[in-house]
Each structure stands twice: as structure tokens, then as C-alpha cells.
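Following: one structure in C-alpha cells, then a few remarks.
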Amino acid sequence: MIVVNLDVMMARRKMSLGELAEKVGITPANLSILKTGKAKAIRFSTLEEICRILDCQPGDILEYREGE
Numbered sequence: 005m006i007v008v009n010l011d012v013m014m015a016r017r018k019m020s021l022g023e024l025a026e027k028v029g030i031t032p033a034n035l036s037i038l039k040t041g042k043a044k045a046i047r048f049s050t051l052e053e054i055c056r057i058l059d060c061q062p063g064d065i066l067e068y069r070e071g072e
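Note that this note's numbering has the sequence shown beginning at 5, numbered continuously upward.
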């Protein structure tokens with residue numbers, strides 16, 4: 005399963021969900037869906053923008069865990 009660690013990176017950068025959503029250009033509701041791991045997909049352009057703003061790599065946000 006893919007685990008989304010967006011909340012960890014946001015906490016490290018001291019950035020709120022609303023602030024990140026505004027900078028990325030998506031709604032707070034859509035960012036919340038991604039943050040809670042309920043999203044079925046993410047656009048590479050969105051992932052790229054999140055990584056640029058949080059100054060991190062995709063692997064800092066997305067993690068694969070076997071069989072949970």
C-alpha cells in the first residue's frame with residue numbers, strides 16, 4: 005500500500021493545509037483528501053509543485069509499505 009506522509013513534511017516546514025493548498029493551486033479539500041491517504045491518484049504536476057514548495061523529494065511524501 006502507498007502511505008502519504010504529507011502531514012509530516014508540512015509539520016517540518018511549519019506550513020498549514022490552507023497555506024500549502026493556496027501555494028500549490030488546489031483546494032484545501034483536495035489537499036486534505038491527499039493528506040489523509042484517501043486519494044486514488046495524484047497528478048505529477050501537483051506532486052512536483054508540492055515538492056517544490058516543501059523543498060522535498062517525492063519519496064519524502066509517498067512511501068510503499070507491504071501488506072498493511
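All residues carry an ideal CB built from backbone N, CA and C; glycine is no exception.
Every unbroken alpha helix (DSSP H) inside the segment 19 to 52 [4 residues or more]: Runs of the alpha helix (DSSP H) lying entirely within the segment 19 to 52, each at least 4 residues long, are 21 to 28 and 32 to 39 in chain order.
By how many angstroms is the C-alpha of L21 removed from the C-alpha of A45? A45 and L21: Cα-Cα distance of roughly 19 Å.
Please list, in chain order, all residues of the same chain as K27 whose beta carbon is under 6 Å from its beta carbon, the five residues on each side excluded. If we look at K27 and ignore the five residues flanking it on each side, its Cβ neighbours are I57.
Under 8 Å between C-beta atoms of E51 and I6: The displayed chain sequence assigns Leu, not Glu, to residue 51. No, they are not a contact pair.
Just how far apart, CA to CA, sit V12 and T31? Taking the straight line joining both Cα atoms gives about 19 Å.
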